[in-house]
Amino acid sequence: MDRALAIASYKVRFFFGPAFRGRFGGLAYLALVLIFVPTGLASGMAIGTSLAAAGPGEAVNLLSLPLAGILSLALLYSLGAGVTAHPSEFDFFMTAEVRPREYLTADLAFQIVSLFLSGGVATGVAALAMVAALGQPLTATVPLLALLVGYALLVLMVSQVLVVARVRHPKAPVRSLALLLILVSVLPAISMAQPGLPVRFDELPYPSTAFATLAAGVLTGSPVPGTAVGLVLTYVGLVVFLWTLASEAYVFHGIRPTLSAGFGQIDMTSRMDQQRRIIGGMGGLTTRVRLRTDRGGDTGLMARLHLLRIWRDGSILFVLLFGGISVSPVMFGGPETLSTAAVTVTQMLTFLLAILAMNWSYYERENLWLVVTSGATPGSYFRGFLACLAAIGLLVSVAFLALLSAATGARVSVQEAALPLAAPIGAACMAAALLTRVKLRPSSFSPAILGIIFLVAVAGFLAGLAIQGLLGAASFLAGAPEAVQAVLLAAYLVGLAAIGMGGVTRLAAGFRL
């Protein structure tokens, strides 16, 4: 146990150490953690309000959805690394007298600690908001968080068991089993979205349903069925038994180094290797889309160049993942959650655009020597970059609005659509403008990263809230119908994009590598 504690301590210090050794100490880390507190507060209040209006069965189903998502992510994680390891650990730990069980225990502790050091504050705020929305004493947050920690530990142990099975039995269909488990884990969500299915998967004894039943009892103060307690104990006992057997197997030869950088850092070598694998795996699909340089103007050409780069370098996978995370909650919401869903998807959209902008700074900025040394200014390049980010954000927003209308059966008004439609343009303008002046260093945790995430989000929300206020005033004071509001919204979006293009062009004239 002493060796496991020492290894876990090393992993935590290596991962979080750089975040506290910068110019501002731990302030940048604290700010990055706190920036997601509003999302946690809004999510907790929305879930708590929905639970207050739901019956016992609906409450369990609602709580089981995020738990099923956590299980699916853990199973998906087992298809890749499953175990975190830094290259130095292969030289110092795996060649020493360290048993596999000690190392797996240390890795399990590290994953739990790192998860809650990264998102624990937002999670705690969400739990407090749920408890407060239901009128329960705040002390109910403690057992609720304990259930969440226990569930997270359980799914991480399942992930490690699958990794050990894959290493020890390379010819066995372990990956196929993991994919099957992922499919089975999302069946309750599909059953809720499609009530007409003959089989009610949400009524089957899933782990997520069992833990959700206990959580519903904590939140509502209702008695917990003994069957749910028995199911939880059965699943815990089964997973602990399998993990105990798996942790005795020698697996060091099958572990790959995956922890190449600390919190807030980027290892360019490992990222480039990862991108090479993605490009090689997707080459048959991505190379079918080509860039026609003989069509369109300079700005259109640069926009298509950026879109093609995102398509070919694997960033499209990140876009699809975040787009899915942004729009999937609307499949299970009701008409009363329209405004909350719009705010949530807007924050996810602005975060997506900020990450894409930072990726450009890491990988593509140095290539601009070709543009800078040419006769023309880089204005068209940055205008194309702005158009690329705005197009991606608008695509996700349109998908969100379409799914929202189809899932809830409610008609989305122009005022409700204004925020998710205007925010991507405002966020894209801010991101492109910042990158003409800010240079990010991928090897350190820089406050510039926090600044970009914060300012892009603020610009997106301000752009959306401004047009929402304008449309509200037009409707209240002048009685403007929906058609007039739609024209105002379209004119605002075009004007905002034009102002952004002009501002970015002026800033790009002074761009320096």
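With the working numbering applied, the sequence shown has no gaps in its numbers, which climb one by one up to 514 at the end.
Backbone N, C-alpha and C fix where the C-beta goes; we use that ideal spot for every residue, glycine too.
Just so it is clear, the structure is predicted and the values come from calculations on it, not from any experiment.
Among the options, the one whose alpha carbon lies nearest that of residue i
i      : options                        : result
Leu318 : Ile356, Leu302, Ala229, Ala130 : Ile356
Ile48  : Asp299, Ala128, Ser119         : Ala128
Phe512 : Gly120, Ser44, Asn62, Leu369   : Leu369
His87  : Ala434, Gly380, Phe253, Asn360 : Phe253
Leu154 : Tyr236, Pro421, Ala358         : Tyr236
Ile306 : Thr347, Trp361, Thr85, Gly255  : Just to set this straight, residue 306 is Leu in the shown sequence, not Ile. Checking every option, the nearest Cα to that of Leu306 belongs to Trp361.
Met131 : Ser476, Leu220, Ala75, Phe91   : Leu220
Leu390 : Ile426, Tyr363, Ser375, Leu404 : Ile426
Ser89  : Tyr11, Phe117, Val457          : Tyr11
Leu232 : Ser223, Leu72, Glu417, Ala211  : Ala211
Val439 : Arg412, Arg366, Leu157         : Arg366
Phe462 : Ser381, Met349, Leu145         : Met349
Ala509 : Ala434, Ala460, Phe455, Ile500 : Ala434
Ala53  : Ala217, Ala179, Leu182, Leu188 : Ala217
Leu35  : Val485, Ala460, Arg310, Phe455 : Phe455
Gln416 : Gly501, Ala166, Ile393, Glu483 : Glu483
Continuous alpha helix (DSSP H) stretch holding residue i: start and end
i      : result
Pro174 : Taken as a continuous stretch (DSSP letters only), Pro174 belongs to no alpha helix (DSSP H), as it is neither H nor E.
Ile504 : The amino acid occupying residue 504 in the given sequence is Gly; Ile does not appear at that position. Unbroken alpha helix (DSSP H) run through Gly504: 483 to 509.
Arg167 : 142 to 169
Thr40  : 38 to 54
Ile256 : Ile256 -> no alpha helix (DSSP H), and no H or E assigned at all.
Thr374 : Segment: none, Thr374 is in no alpha helix (DSSP H) and carries neither H nor E.
Phe242 : 227 to 247
Reduced DSSP category for residue i - H, G, I as helix; E, B as strand; rest coil
i      : result
Leu205 : coil
Arg296 : coil
Ile8   : helix
Pro101 : helix
Phe386 : helix
Asp92  : helix
Pro336 : Low local confidence applies: a pLDDT of 45 at Pro336 is under 50, so the model's placement there is unreliable, and no value is given.
Asp3   : helix
Ser414 : coil
Gly480 : coil
Glu367 : helix
Asp314 : coil
Val219 : helix
Phe512 : coil
Ala392 : helix
Gly18  : helix
Ala127 : helix
Gln348 : helix
Arg305 : helix
Leu435 : helix
Thr85  : coil
Pro397 : Sequence check: residue 397 is Val here, not Pro. In this structure, Val397 counts as helix in the three-state DSSP scheme.
Leu441 : coil
Gln469 : helix
Between the CA atoms of residue j and residue i - distance to the nearest angstrom
i      : j      : result
Ala474 : Gly227 : 55 Å
Val399 : Ala123 : 28 Å
Val505 : Ser115 : 38 Å
Leu371 : Val320 : 28 Å
Asp108 : Trp244 : 13 Å
Ile468 : Thr437 : 27 Å
Ala487 : Ala479 : 15 Å
Ala388 : Gly70  : 33 Å
Arg14  : Val164 : 25 Å
Lys172 : Tyr207 : 29 Å
Thr140 : Ala481 : 49 Å
Met359 : Leu441 : 7 Å
Pro55  : Ala432 : For clarity, residue 55 is Ala in the given sequence; the question names Pro instead. Cα to Cα, Ala55 sits roughly 41 Å from Ala432.
Phe21  : Asn62  : 40 Å
Phe91  : Tyr104 : 11 Å
Ala134 : Ala229 : 24 Å
Phe117 : Leu471 : 41 Å
Ser414 : Ala60  : 29 Å
Ala428 : Leu76  : 33 Å
Pro138 : Ser209 : 25 Å
Ala499 : Gly45  : 38 Å
Gly255 : Met95  : 11 Å
Leu246 : Val162 : 9 Å
Gly120 : Pro144 : 18 Å
Val457 : Ala464 : 11 Å
Phe93  : Leu6   : 15 Å
Ala147 : Leu64  : 15 Å
Residue-level contact to chain B via CB, residue i, 7 Å cutoff
i      : result
Leu116 : Absent here is chain B; the protein component of the structure consists of one chain.
The ligand FAD heavy atom lying under 6 Å from the CB of residue i
i      : result
Gly385 : Only the bare structure without any ligand can be found here, which leaves the ligand FAD out of the picture.
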